[in-house]
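Asker:
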Amino acid sequence: MQDPVGSFLRYIATTKRYSPHTVAGYRRDIGRLLAYLGVEEGGFDPARLTADDVRGWIISLSEEGLKPSSIDRMLSAWGSFYKYLLREGAVETDPFRKVSALKKPVTLPAFIPESKMSRLVAELAGEMDGGTDFRSRRDALIVLFLYATGLRLAELIAIDRTDFEKGFRELYVTGKGDKERVVPIVPALQQRIRAYVDAIKAENICLSGEKALFLTKKGNRISRSEVYRAVRRQLALFGVQGKCSPHVLRHTFATHMMNSGADLREIQELLGHASLRATQVYTHNSIAQLKEVYEAAHPHARER
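So the sequence shown is numbered by my numbering: it starts at 18 and just counts up by one.
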């Protein structure tokens, strides 16, 4: 096969219909090993590559300071390349099968402590009830909504006012993989959604027939960047340290549910996780919090 790399890139672009951005990513990842080997894209002979060559490349990437996740992404790209070559009969062996993925450090999801979140909820509820301007009420509701439901950012943006059961007691959400689920709405949030919807009507925010729940001042569906800015602005305003993003509120929802004794499968259902494994990370957050409490309160821990 002449120019196996070019042939593979054309395959994923035309047959697999990968986006130009994804194809460019594959080209970059494959190019890193070619540069290490000192060969051009068109002059690479895949049959001559050995597992020792791959291991030497991984060591050089590690010495450059690349994260394990970045190295694993490159190994995955090359693994896909060799699967293609095997299927086409261009090679007889895959050197990447003999190379293990790197172990990644476990990163626990960031979340806001319950004491700080309770104060934040009280402040935001008061801000909504105080009759401030539309954008301030909307931004306060976004934070309250994300914390009370654990929705993903894309799910929040996609909410229509018609997605609620009458009375705003339940929300019908279409999540990843078009999987539908029902999310209960707590009474305090129901009350504030009603007040917010009334404000949309009273202030003539939406005259175009747009059904979205969260709107811009001009009556259009809110964008991802505007939700990010709203969350970051509100959390920073109330003294939340570290990362201030919609996903942190999702993590906070799940962690607080876990700490309050909710069943892991119930949390899985509320979050819309396809696998229980994705939900299990929150048990580590609970354990980490227990350790902090123990270190601060237990006499033997203080002695150490």
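For glycine and all other residues, C-beta sits at the position ideal for the given N, C-alpha and C.
Determine the direct distance from the alpha carbon of F162 to that of D69, and round the result to whole angstroms.
Answerer: To locate residue 69, count along the sequence shown from 1; it is residue 52. To locate residue 162, count along the sequence shown from 1; it is residue 145. If I take the Cα positions, the gap works out to 52 Å.
Asker: Three Cβ pairs or more, each shorter than 8 Å: is that satisfied between the segment 53-65 and the segment 101-109?
Answerer: yes
Asker: Between the C-alpha atoms of R114 and R72, what's the straight-line distance to the nearest angstrom?
Answerer: Walking along the sequence shown from the start, residue 114 turns up at place 97. Walking along the sequence shown from the start, residue 72 turns up at place 55. Take the alpha-carbon of R114 and the one of R72: they are about 12 Å apart.
Asker: Measure how close the beta-carbons of A229 and I239 come, nearest whole angstrom, since I'm counting them as under 8 Å.
Answerer: Here residue 229 is taken as the residue at index 212 of the sequence shown, counted from 1. Here residue 239 is taken as the residue at index 222 of the sequence shown, counted from 1. The Cβ separation is near 7 Å, so the contact holds.
Asker: Just the C-alpha distance for R27 and S117, rounded to the nearest angstrom, thanks.
Answerer: Locating residue 27 in the sequence shown gives position 10, where the first residue counts as 1. Locating residue 117 in the sequence shown gives position 100, where the first residue counts as 1. R27 and S117: Cα-Cα distance of roughly 28 Å.
Asker: Could you give the DSSP three-state label for T191: helix, strand or coil?
Answerer: Taking the sequence shown and counting its residues from 1, the one referred to as residue 191 is at position 174. Note: T191 maps to strand in three-state DSSP.
Asker: Here's the rule I'm using: 16 or more other beta-carbon atoms within 10 Å means buried, otherwise exposed. How should G325 be labelled?
Answerer: Because the chain is modelled from 18 through 321, residue 325 falls outside the range shown and cannot be assessed.
Asker: Measure the Cβ-Cβ separation of V203 and A165 and say whether it is below 7 Å.
Answerer: Your numbering for residue 203 matches position 186 in the sequence shown. Your numbering for residue 165 matches position 148 in the sequence shown. Cβ distance < 7 Å, so V203 and A165 count as in contact.
Asker: By the DSSP assignment, the beta strand (DSSP E) with R34 in it spans what residues?
Answerer: The sequence position of residue 34 within the sequence shown is 17, counting from 1. That residue, R34, is in no beta strand (DSSP E); it is neither H nor E in DSSP.
Asker: When DSSP builds the beta bridges, which residues end up paired with P201?
Answerer: Taking the first residue of the sequence shown as 1, we reach residue 201 at position 184. P201 has E187 as its beta-bridge partners, per DSSP.
Asker: Using the beta-carbon count (16 or more within 10 Å), is K33 buried or exposed?
Answerer: Looking up residue 33 in the sequence shown gives position 16. Classification of K33: exposed, given that the 10 Å Cβ count is below 16.
Asker: How close, in whole Å, do the beta carbons of V160 and L266 come, if the pair is a contact with beta carbons under 8 Å?
Answerer: Taking the sequence shown and counting its residues from 1, the one referred to as residue 160 is at position 143. Taking the sequence shown and counting its residues from 1, the one referred to as residue 266 is at position 249. Contact flag correct, Cβ pair sits at about 7 Å.
Asker: Alpha carbon to alpha carbon, how far is E172 from K218?
Answerer: As a position in the sequence shown, residue 172 is number 155, starting the count at 1. As a position in the sequence shown, residue 218 is number 201, starting the count at 1. When rounded, the distance between both Cα atoms is 23 Å.
Asker: Using the three-state DSSP reduction, which class does R238 fall into: helix, strand or coil?
Answerer: For this step, residue 238 is matched to residue 221 along the sequence shown. Residue state, collapsed to three classes: strand.
Asker: Find the nearest neighbour of L232 within the set H290, D156, E140, W95, judged by alpha-carbon distance.
Answerer: Residue numbering aside, residue 232 sits at position 215 when the sequence shown is read from its first letter. Nearest of H290, D156, E140, W95 to L232, Cα basis: D156.
Asker: Let me know if Q285 comes out buried or exposed under the rule of 16 or more other beta-carbons within 10 Å of its beta-carbon.
Answerer: Counted from its first residue, the sequence shown places residue 285 at position 268. Per the 10 Å Cβ criterion, buried.
Asker: Is M251 buried or exposed, if buried means 16 or more other CB atoms sit within 10 Å of its CB?
Answerer: Position 234 of the sequence shown, counting from 1, holds the residue named residue 251. Sequence inspection shows Gln at residue 251; the Met mentioned does not correspond to that position. Per the 10 Å Cβ criterion, buried.
Asker: Can you tell me the Cα-Cα spacing of E320 and G259, whole angstroms?
Answerer: Numbered from its first residue, the sequence shown carries residue 320 at position 303. Numbered from its first residue, the sequence shown carries residue 259 at position 242. Unreliable positioning characterises E320 in this predicted model, as indicated by a pLDDT of 48, which lies under 50. A coordinate reading is not provided.
Asker: Compute the Euclidean distance between the alpha carbons of G192 and E80, then round it to the nearest angstrom.
Answerer: Translated into positions along the sequence shown, residue 192 becomes position 175. Translated into positions along the sequence shown, residue 80 becomes position 63. If I take the Cα positions, the gap works out to 40 Å.
Asker: For A41, count neighbouring C-beta atoms within 10 Å of its own C-beta (all shown protein chains included) and say buried if the count is 16 or more, exposed if not.
Answerer: Taking the first residue of the sequence shown as position 1, residue 41 is located at position 24. Exposed is the call here.
Asker: Locate the alpha helix (DSSP H) running through D69, then write down its first and last residues.
Answerer: Against the sequence shown, residue 69 aligns to sequence position 52. From DSSP, the alpha helix (DSSP H) with D69 extends over 68-80.
Asker: To the nearest angstrom, how far is the alpha carbon of L54 from that of G48?
Answerer: Numbered from 1 along the sequence shown, position 37 holds the residue referred to as residue 54. Numbered from 1 along the sequence shown, position 31 holds the residue referred to as residue 48. Between L54 and G48, the C-alpha separation is close to 10 Å.
Asker: Please state if the CB of W74 and the CB of L50 are separated by a distance shorter than 7 Å.
Answerer: Here residue 50 is taken as the residue at index 33 of the sequence shown, counted from 1. Here residue 74 is taken as the residue at index 57 of the sequence shown, counted from 1. The answer is yes: Cβ separation under 7 Å.
Asker: Near E220, which residues of its chain fall below 8 Å by C-beta distance, leaving aside the five closest residues on each side in sequence?
Answerer: Within the sequence shown, the letter at position 203 stands for residue 220. The answer, listed in chain order, is F151.
Asker: Do D180 and L188 come within 7 Å of each other at the CB atom, strictly closer than that value?
Answerer: Counting from 1 along the sequence shown, the entry for residue 188 is found at position 171. Counting from 1 along the sequence shown, the entry for residue 180 is found at position 163. Cβ atoms of L188 and D180: closer than 7 Å.
Asker: Counting only the same chain and skipping the five closest in sequence on each side, list residues whose C-beta sits under 7 Å from that of A212.
Answerer: If you number the sequence shown from 1, residue 212 lands on position 195. For A212, where only same-chain residues beyond five positions count, the Cβ hits under 7 Å are M145.
Asker: Out of L78, F128, D46, state which residue places its alpha-carbon closest to the alpha-carbon of G96.
Answerer: As a position in the sequence shown, residue 96 is number 79, starting the count at 1. Out of L78, F128, D46, D46 has the C-alpha closest to the C-alpha of G96.
Asker: Rounded to a whole number of angstroms, what is the C-alpha to C-alpha distance between K100 and V22?
Answerer: Along the sequence shown, read from residue 1 onward, the residue named residue 100 stands at position 83. Along the sequence shown, read from residue 1 onward, the residue named residue 22 stands at position 5. Those two C-alpha atoms are separated by around 12 Å.
Asker: Might you give, ordered along the chain, the residues of its own chain that have their beta carbon closer than 7 Å to the beta carbon of C223, omitting 5 neighbours on each side?
Answerer: Translated into positions along the sequence shown, residue 223 becomes position 206. Around C223: I217, L232, G236.
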